[in-house]
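Report on one structure; see the data block that follows.
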Amino acid sequence: MAAHSKENLMSLSMKTKSPVTFPCISKATMFALCRQALRRALVSPTLAPTSGLPAGPTLLANNFSVAATLHKLQDDWFMPAPKKWPKKNDEIEPPQEPGQPRNQAWVVHYRNQIRYSPKKMLPIAQMIRGMSVDEAIKQLTFVHRKGAKIVIEVLKEAQEMAVRDHNVEFKSNLWVGESFCGKAVTIKGIRRHARGKLGIIHYRYCHYFVRLVEGPPPKHYYDPPLTPQQKLEEFIQELRDRRVKYGT
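Sequential numbering of the sequence shown, starting at 2, is according to our numbering.
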C-alpha cells in the first residue's frame, strides 16, 4: 500500500504541475547563505571511514588546505602586495673586471598594507634617509608615533635578511639608501550624522619600502647647497644656453 500511495502521489503531482515557489530573497542574503554553506562544507566535522572514502582527519586536513587557499586568494585580490620591489633582491650584477672596486651589497625589504596614512608615514620615511641603520633606529626611538615603531621593525628585519641571505658580514655596516612609502587600499566606511545624514570615513593603508646598502653612509645624501659663486656661474651658463627665437 505504501508503494501504491507513493506512485499515486507522484502521478498526481505530475498531473497538477504546480510551480515550486521560493521566498523572496535579496542578492545580499543569498550570497550570505552561500558563504555560510561553503564555510560549513570546508570546516566540517570528521567523518567516519566508510567504503570508498578516506578517513575523517584526511578530509578535514584537505578542507583546511582549501580554506587557507581561498583565504589567500581573497587577501591577494582585496589587499594586494607589491610585486616588483621584492624581485630586486634576485637581481644579479654582471662580473667585474680585475682592479675594479668591489660592488656594495644591498638588500630591499618592505611591509605592505599598513593601517596608517601615507601622509603621516612620509615624513618618518624621509627622516632616516642617508643614515646608518643604528643611527636611524636610535632616532626613531624618540619619535612617539605608530609609523616609527613599524619602520624600526622593518629595518631590523632587513638587517637580518642582509646577514642571512646577502652575505653581509656585519649588520651594523649598513646605511639607508632608499626609504619611502606608497599608497595602498582605502576602505570607505559610514558614520551617522544628525537628521538622518551620513558621512564617509576613509580608512587609509600604505606600503613602506626600504633599501639598505653595505658600507659607511655618505657625507651628503642630498646635493649640498650651492655657494654664491656656483649660483652665479650657473646663472651665466643658463643665459648663454638660452635661445632667442627669430634672432639674427
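Positions of the beta carbon are idealized from the N, C-alpha and C atoms, including for glycine.
Two segments are said to touch when three or more pairs of C-beta atoms, one from each, lie closer than 8 Å; by this definition the region 117-129 does not touch the region 220-235. For the alpha helix (DSSP H) assignment, the uninterrupted runs of no fewer than 4 residues enclosed by the region 125-199 are, from N- to C-terminal side, 134-141, 147-166. Of the candidates VAL108, SER118, LYS88, the residue whose Cα lies closest to the Cα of TYR204 is SER118. Straight through space, the alpha carbons of VAL211 and LEU156 are spaced by roughly 8 Å. Going by DSSP, ARG244 is part of no alpha helix (DSSP H) at all; its letter is neither H nor E. Considering only MET122, LYS246, ILE138, the residue with the shortest C-alpha distance to LEU213 is ILE138. In the three-state DSSP reduction, LEU227 falls in the coil class, being neither helix nor strand. MET31 sits exposed, since fewer than 16 C-beta atoms from the chains shown fall within 10 Å of its C-beta. Apart from sequence neighbours up to five positions away, the residues of its chain that approach ASN90 with a beta-carbon distance below 7 Å are VAL108, VAL109, ordered along the chain. About 5 Å separates the beta carbons of SER173 and ASP135, which is inside the 8 Å limit, making them a contact pair. When only Cα atoms are considered, ARG116 and GLY200 end up about 21 Å apart. Per DSSP, the continuous beta strand (DSSP E) segment holding ASN113 begins and ends at 107-115. With 16 or more neighbouring CB atoms inside 10 Å of its own CB, GLU215 falls in the buried class. Of all alpha-carbon atoms in ALA195, TYR111, SER133, ILE93, the one lying nearest the alpha-carbon of ILE151 is that of TYR111.
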